[in-house]
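First the structure, in the form of structure tokens, and then the observations on it.
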Amino acid sequence: MNKIYIYTNKEKVFLLLLIPFTHNLIVYVLNVFFLQDLIINKSIYLIETSNVVGILFSFIALFFILLLLFNIKENRIFQILLLLFGSILTNLIDRLLYGGVMDYISIKWLGVFNIADIGIIVSIGILFVLMVINKKLN
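Residues in the sequence shown are numbered from 97 upward in steps of one, following my numbering.
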């Protein structure tokens, strides 16, 4: 039998506080072992814009995701939203500290991105799939 676990508000706050530290550790490990050049990217997913717009957009997104995180009842969706929150938060921290997002993974046909970008794309994709499956079940 599967156990269902619901996070308390104290656990949710603790998990939210851990996110920036894990991102910085990942960036450090990638730089030490892969020696990639860092690129400061001021755009938002192929949309050329100023860093101020990116910061504003990030704060708005984080606010709404935070509201959802503290009101969500399903553990699976909470974890996906936590991934989305953490990914946006780490990109926001980069924007505030460096004037843009640090991108360090370069794939010729995909462009330059970072792990937070992967987290955003994956979490939004999973949320979309869950919405489609939920709609078909109802």
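Idealized CB from N, CA, C, for every residue including glycine.
Model, not experiment: these values are computed from the prediction.
Exposed is the label assigned to Phe-155, since fewer than 16 other Cβ atoms lie within 10 Å of its Cβ. The Cβ neighbour count for Arg-191, taken over all protein chains shown within 10 Å, is at least 16; the residue is labelled buried. For Gly-215 against Ser-183, the beta-carbon gap comes to about 3 Å, under 8 Å, which counts as contact.
For Ile-189, the uninterrupted alpha helix (DSSP H) run begins and ends at 171-194, by DSSP. Taking the CA atoms as reference points, Gly-207 sits about 23 Å from Phe-181. Burial state of Phe-174 is buried, judged by a 10 Å Cβ sphere holding 16 or more other Cβ atoms. Spatial neighbours of Ala-212 in its own chain (CB-CB distance under 6 Å, excluding positions within 5 residues in sequence) are listed in chain order as Ser-183, Thr-186, Asn-187.
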